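Visitor:
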Amino acid sequence: MSDQISQRDDMLLPAALVRRRYNCSDMFLWRQLHREGSQFPTPLRINGRRFWRLSALVEYERSLSTGPNPKEAA
Numbered sequence: 061m062s063d064q065i066s067q068r069d070d071m072l073l074p075a076a077l078v079r080r081r082y083n084c085s086d087m088f089l090w091r092q093l094h095r096e097g098s099q100f101p102t103p104l105r106i107n108g109r110r111f112w113r114l115s116a117l118v119e120y121e122r123s124l125s126t127g128p129n130p131k132e133a134a
């Protein structure tokens, strides 16, 4: 079972599926990739198309959920 999970986490998601995952536009992805200090994962480029590792996206999501809460800091 753990082999299936690791294979699934190593899946490459094209930009269309990443946009669907975050319910966002391509411009949002572009901004995340070009914003200074952004932790958004960098895609792999294959034949001019962008692909993200699912494991990198999951790690990014976890970092957002464990980061400091701006409401608590105020």
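Our numbering puts the sequence shown at residues 61 to 134.
Just so it is clear, CB atoms sit at the ideal spot from N, CA and C, and this is done for glycine as well.
Every value quoted in this text rests on a predicted model; they were computed, and no experiment measured them.
Kindly indicate the opening and closing residues of the beta strand (DSSP E) around residue 113.
Guide: Its beta strand (DSSP E) spans residues 109 to 113.
Visitor: Mind checking residue 117: buried by the 16 CB within 10 Å criterion, or exposed?
Guide: Buried.
Visitor: Please state whether DSSP places residue 54 in a helix, a strand or coil.
Guide: Residue coverage of the chain in this structure runs from 61 to 134, which leaves residue 54 outside it and unanswerable.
Visitor: What does DSSP give as the partner residues of residue 117 in its beta bridges?
Guide: The partner list for residue 117 (beta bridge, DSSP) is empty, contrary to what the question assumes.
Visitor: Hey, residue 89 and residue 76: beta-carbon distance below 8 Å or not?
Guide: No, Cβ-Cβ distance for residue 89 and residue 76 is not below 8 Å.
Visitor: Name the DSSP bridge partner or partners of residue 72?
Guide: Answer by DSSP bridge pairing, in chain order: 113.
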